[in-house]
Amino acid sequence: MKLVNSIKCFGGAVNKYVHKSGVTQCDMTFTVFLPSKAATQKVPSLYYLSGLTCTPENFITKAGAFAAAEREGIVLVAPDTSPRGVDIEGEDESYDFGSSAGFYMDATEPKWRKHYNMYSYITAELPELVREGLPVTDAASIFGHSMGGHGALTIYLKNPGTYRSVSAFSPICNPTDCPWGVKAFSGYLGEENKEAWESYDAVLLLNNYSGPKTEILVDQGLEDSFLDE
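Note that this note's numbering has the sequence shown beginning at 8, numbered continuously upward.
(1) What's the gap between the Cα of residue 224 and the Cα of residue 65?
(2) Any chance you could list the beta strand (DSSP E) runs of at least 3 consecutive residues sitting entirely within the segment 93–173, in chain order?
(3) By a C-beta neighbour count over all protein chains shown, 10 Å radius and 16 as the cutoff for buried, is residue 3 buried or exposed?
(4) What distance in whole Å lies between the Cβ atoms of residue 30 and residue 98, which are believed to be in contact at a cut-off of 8 angstroms?
(5) If distances are taken between C-alpha atoms only, which option among 217, 77 and 108 comes closest to residue 45?
(6) Cutting at 8 angstroms between CB atoms, please list the residues of its own chain near residue 51, excluding the five before and the five after it.
(7) Got a sec, what are the start and stop residues for the alpha helix (DSSP H) residue 68 sits in?
(8) How about the segment 163–170 and the segment 55–71: do they share at least three Cβ pairs that are nearer than 8 angstroms?
(9) Using DSSP's beta-bridge definition, name the partner residues of residue 177.
(10) Report the rounded CA-to-CA distance for residue 157 versus residue 180, giving the unit in angstroms.
(11) For residue 8, which beta-bridge partners are listed by DSSP?
(12) For residue 16, collect the residues of the same chain with a Cβ closer than 6 angstroms to its Cβ; drop the 5 residues on either side in sequence, then sort them by chain order.
(13) Assuming residue 215 is part of the beta strand (DSSP E), what are its boundary residues?
(14) Considering only C-alpha positions, which residue in the set 18, 38 and 55 is nearest to residue 150?
(15) Could you check whether residue 207 and residue 178 sit closer than 8 angstroms to each other, using their CB atoms as the reference points?
(16) Sorted by chain position, which residues of the same chain lie with C-beta nearer than 8 angstroms to residue 311's C-beta, five sequence neighbours on each side aside?
(17) Apart from the five residues on each side of it in sequence, which residues of its chain come closer than 8 angstroms, Cβ to Cβ, to residue 32?
(18) Please give me, in chain order, every unbroken run of the beta strand (DSSP E) with length at least 3 that falls completely inside the segment 17–76.
Written out as structure tokens, the structure reads:
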């Protein structure tokens, strides 16, 4: 991976990296906050998955999480929300499908399956890259917002014991039964591939979860205009 930008921040540093991805078959970008403690020892990591329309910059520039991460000695990792620039017809036509809307799943439809493999990217390729290139321990947690909340919950439930904790802000937690999810799942997985749909639905995954007992924090605003959907 190549460091393309570094900014001092709250005693630590915000670094932007670019690397060639074998999973998405394109260049991928991710942003990291390294606390000062990471200069002398390995520290835990916390992955944040962003929502629709987002890039690796949104959480880093808007969340205001650096002071807490510096205080607790935690590396923050903010990946992208989809592959970029892969020249698939239709990938930039809507905000909720294609670019910036990878839904943290591995596509099976021929048009999308070469590049749109964000589940494998987040669960395998990116963590390996982070462990090899940054001073992190094996202790990792995951959280996200909206589409990213969907990603965090499903990834946690599908990989028992991999993450120390999981939380989500206004997640798309039942995507097989909402417009955003139906659109994405139909496009990436196929309209009739309902078994694959169910494997990326947090509500349905909970029914078959057999991993360690844990508390899952979900924060949902009651005035959210999308709540009824």
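Think of the CB as a built atom: it goes at the ideal place given N, C-alpha and C, for glycine as much as any other residue.
Reading off the structure:
(1) Whole-angstrom Cα-Cα distance: 22 angstroms.
(2) 143–152, all fully within the segment 93–173.
(3) This structure gives no information on residue 3, because the portion of the chain shown stretches from 8 to 236.
(4) So it is not a contact: roughly 17 angstroms between Cβ atoms.
(5) 77 is the residue among 217, 77 and 108 whose C-alpha sits nearest the C-alpha of residue 45.
(6) Annotation for residue 51: 80, 81, 82, 143, 144, 146, 147, 148 and 171 place their beta carbon closer than 8 angstroms to its own, counting only its chain and skipping 5 residues before and after.
(7) Counting along the chain, the unbroken alpha helix (DSSP H) around residue 68 starts and ends at 65–69.
(8) No: the two stretches stay apart, fewer than three of their Cβ pairs being nearer than 8 angstroms.
(9) Beta bridge pairing from DSSP links residue 177 with no other residue.
(10) Their backbone Cα atoms lie some 5 angstroms apart in a straight line.
(11) Residue 8 pairs with nothing; no bridge assigned.
(12) Excluding residues within five positions, the ones whose Cβ falls inside 6 angstroms are 73.
(13) Looking at the DSSP string, residue 215 is not in any beta strand (DSSP E), and its letter there is neither H nor E.
(14) Among 18, 38 and 55, the Cα nearest to that of residue 150 belongs to 55.
(15) It is not a contact, given that the beta carbons lie outside the stated cut-off.
(16) The structure shown does not extend to residue 311, since the chain is modelled only from 8 to 236, so the question has no answer here.
(17) Here residue 32 has 90, 93, 121 and 122 as same chain residues with Cβ atoms under 8 angstroms from its own Cβ, once five neighbours each way along the sequence are excluded.
(18) Those beta strand (DSSP E) runs which fall completely within the segment 17–76 and span 3+ residues are 19–28, 33–41 and 50–56.
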